[in-house]
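In the working numbering, the protein residues as written are 134 to 371. All C-beta atoms, glycine included, are put in the ideal place defined by N, C-alpha and C. Below you'll find the structure, written out as structure tokens, and then a few comments.
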């Protein structure tokens, strides 16, 4: 809820075989999230990091929490913060189909948007603002439209990804009407063609290896049966 403090937790475990002295930094989240900036973890130790969040803006905040050891980033956690006004009268959700969450640049990303009134059942003039941004706060696409909603509305909105560099992104949606607003977001990733081709080659290699193993097993079984049959015939002749 916009303007109200909330908390989230991150569980952190040291899988190294030595103690780690971690320094934590927020990237593009200053003034929004507070947390302990130093963390010591013995080998195998697990701790809970509490994030205190307060956000009043109608925009969607995106950034990262960086974990540094000896000035080297050893882990980063992407963060998205969606706010809504306390009096928002819609249950709003957006989803990206699973097969579109990791794509090559240029493909369209379909976004399923579902709006359901949870307060007064009346016709409402709703403004919807869409954007695509990365976890460094850079925006790549902005669109908006206005329509009426009465009780519920579901639709699919497609987004072009042409020109987006490889990386992780969010599609954000801000829904507003006089006196109230809410934001939602969904994540997807752009990968290079080389990465996709390497994955396909890996899968083909695994399948080919399995087929080869199956062929060897089948041939071995056939030869074994043949040897058993030949042995049986030989014993009958004796």
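Kindly indicate which three-state DSSP category residue i falls into: helix, strand or coil?
{"i": "residue 251", "result": "coil"}
{"i": "residue 295", "result": "coil"}
{"i": "residue 244", "result": "strand"}
{"i": "residue 345", "result": "helix"}
{"i": "residue 239", "result": "coil"}
{"i": "residue 134", "result": "coil"}
{"i": "residue 222", "result": "coil"}
{"i": "residue 338", "result": "helix"}
Which residues in the same chain have their Cβ closer than 7 Å to the Cβ of residue i, if we skip the five residues on either side of it in sequence?
{"i": "residue 258", "result": "279, 281, 310"}
{"i": "residue 175", "result": "147, 152"}
{"i": "residue 233", "result": "242, 243, 321"}
Since residue i is in the beta strand (DSSP E), which residue starts that stretch and which ends it?
{"i": "residue 261", "result": "256-267"}
{"i": "residue 273", "result": "272-283"}
{"i": "residue 233", "result": "First-last for residue 233: undefined, no H or E at that position."}
{"i": "residue 301", "result": "300-310"}
{"i": "residue 189", "result": "Per DSSP, residue 189 belongs to no beta strand (DSSP E) and is neither H nor E."}
{"i": "residue 324", "result": "313-324"}
{"i": "residue 209", "result": "205-214"}
With a CB to CB cut of under 6 Å and the five nearest residues on each side skipped, what residues in its chain are close to residue i?
{"i": "residue 320", "result": "303"}
{"i": "residue 178", "result": "147"}
{"i": "residue 289", "result": "243, 245"}
{"i": "residue 262", "result": "277, 307"}
Tell me, to the nearest whole angstrom, how far the beta carbon of residue i is from that of residue j; I am working on the premise that it is less than 8 Å.
{"i": "residue 188", "j": "residue 214", "result": "5 Å"}
{"i": "residue 196", "j": "residue 149", "result": "In fact, because the Cβ distance is near 26 Å, the residues do not count as touching under 8 Å."}
{"i": "residue 315", "j": "residue 218", "result": "7 Å"}
{"i": "residue 323", "j": "residue 343", "result": "About 31 Å separates the two Cβ atoms, so there is no contact after all."}
{"i": "residue 305", "j": "residue 266", "result": "7 Å"}
{"i": "residue 239", "j": "residue 294", "result": "6 Å"}
{"i": "residue 161", "j": "residue 312", "result": "The Cβ separation is near 29 Å, so there is no contact."}
Please list, in chain order, all residues of the same chain as residue i whose beta carbon is under 8 Å from its beta carbon, the five residues on each side excluded.
{"i": "residue 171", "result": "154, 155, 156, 157"}
{"i": "residue 190", "result": "135, 216"}
{"i": "residue 202", "result": "153, 154, 155, 156"}
{"i": "residue 235", "result": "321, 322, 324"}
{"i": "residue 229", "result": "242, 243, 244, 245, 304, 319, 320, 321"}
Sequence ranges, beta strand (DSSP E) only - wholly within the segment 136-173, length at least 3
139-146, 153-160
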